[in-house]
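Asker: One structure, pasted below without further comment.
Residue numbers (this note's numbering): 5 to 340.
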């Protein structure tokens, strides 16, 4: 028998793919999304159209709207909650911090309250590699302290982990946070660099390359991410019996709370990443080299040993293959 799963951000990039995977294995899925205009809502509606299935229901609403969220929980009676809705984007958080407070803090508080009162067996939620902030020790480990964020977006994701821990400790709510590392693939977000690069190259416009291309990212293909999300949701967080409060490990707890990195464990320099896109498109990019932007970090590199051990997470998609699939989707979707 399948599970009843509530997925927030169901019309988003990762949320859409997670819903698709859950439906394919026989779960009953209730999607929740506000379809905001942070990027083209038509892309979100087109994703939802592909989720037409007898076991899929959709409710439109924002997490900040406590009444709408409560109604979705009442209708779903979920056995699992996968919370992927958020105000995304590091750079936009410099321009509109209020949107992040409402969605990522107030909204996440509403999610926790609903899970507490509904006695939800497990909440899995999206954190971000951006929580590592000024940390330069590589690879990033969940055992590292993450107390120096360099963007408000990162600070809200760190806050989510702390809020979840409080609920896990006080109310016994099992929660697991996933720190995503630069997810890419078909049906992706237009505000992401790989999407912008592809669009600009096809249109013959120059691309903006920050820090003169001397940045490294742990690019992770969407199918690998989805595998990790679904497996993590299935594995209910438990207290760590070896947790030592005298020497606390930031990635573990005596409460039913966990955080994991979910990435490819193979960072690639931005210059090489652009070359792979150029090869897939079949055209060279004109490049506009720029200095580092506020809120950005030079490199990301995920230590995924814990997730590999606990749920068998094993990313297997080479960057050349994943980018090729994205460019093929882009050509078809936009009729290039």
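All C-beta atoms, glycine included, are put in the ideal place defined by N, C-alpha and C. Small disclaimer: the values here were computed from a predicted structure and weren't measured.
Does DSSP classify residue 38 as helix, strand or coil?
Answerer: Taking the first residue of the chain shown as 1, we reach residue 38 at position 34. In the structure shown, residue 38 sits in coil (DSSP, three-state: anything other than H, G, I, E or B).
Asker: Take residue 104 as the anchor and find which of 91, 98 and 183 has the nearest alpha-carbon.
Answerer: As a first step, residue 104 must be located in the chain shown, where it is residue number 100. When only C-alpha atoms are compared, the closest one is 91.
Asker: Decide if residue 140 is buried, meaning its Cβ has at least 16 other Cβ atoms within 10 Å, or exposed.
Answerer: As a first step, residue 140 must be located in the chain shown, where it is residue number 136. Looking at its Cβ environment, which holds fewer than 16 other Cβ atoms inside 10 Å, residue 140 is exposed.
Asker: Mind checking whether residue 63 and residue 237 have CB atoms under 7 angstroms apart?
Answerer: On the chain shown, position 59 is the one that residue 63 refers to. On the chain shown, position 233 is the one that residue 237 refers to. Cβ atoms of residue 63 and residue 237: not closer than 7 angstroms.
Asker: Whole angstroms are fine: how far does the CA of residue 174 sit from the CA of residue 324?
Answerer: Here residue 324 refers to the residue found at position 320 of the chain shown. Here residue 174 refers to the residue found at position 170 of the chain shown. Cα to Cα, the separation comes out at about 46 angstroms.
Asker: Which value, in whole angstroms, describes the spacing of the CA atoms of residue 329 and residue 225?
Answerer: The residue labelled residue 329 in the question sits at position 325 within the chain shown. The residue labelled residue 225 in the question sits at position 221 within the chain shown. Roughly 10 angstroms between the two C-alpha positions.
Asker: So is residue 81 buried or exposed if we call it buried at 16+ other beta carbons inside 10 Å?
Answerer: Reading the chain shown from its first residue, position 77 is the one you call residue 81. The residue is exposed, with fewer than 16 neighbouring Cβ atoms inside 10 Å.
Asker: Closest to residue 9 by CA distance: which of 69, 85 and 267 is it?
Answerer: Numbered from its first residue, the chain shown carries residue 9 at position 5. Nearest option by C-alpha distance: 85.
Asker: Any idea what DSSP makes of residue 88, helix, strand or coil?
Answerer: Locating residue 88 in the chain shown gives position 84, counting from the first residue. Coil, per DSSP.
Asker: Please list the terminal residues of the continuous alpha helix (DSSP H) segment that includes residue 147.
Answerer: Here residue 147 is taken as the residue at index 143 of the chain shown, counted from 1. Counting along the chain, residue 147 falls outside any alpha helix (DSSP H), and DSSP gives it neither H nor E.
Asker: Whose C-beta lies closer than 8 angstroms to the C-beta of residue 93 among residues of the same chain, with five residues either side of it excluded?
Answerer: In the chain shown, residue 93 corresponds to position 89, counting from 1. For residue 93, where only same-chain residues beyond five positions count, the Cβ hits under 8 angstroms are 42, 157 and 195.
Asker: Starting from residue 214, follow its DSSP beta bridges and name the residues at the other end.
Answerer: In the chain shown, the residue the question calls residue 214 occupies position 210. Partner(s): 294.
Asker: Give me, in chain order, the residues of the same chain whose beta-carbon lies closer than 7 angstroms to that of residue 74; leave out the 5 immediate sequence neighbours on both sides.
Answerer: For this step, residue 74 is matched to residue 70 along the chain shown. Around residue 74: 118.
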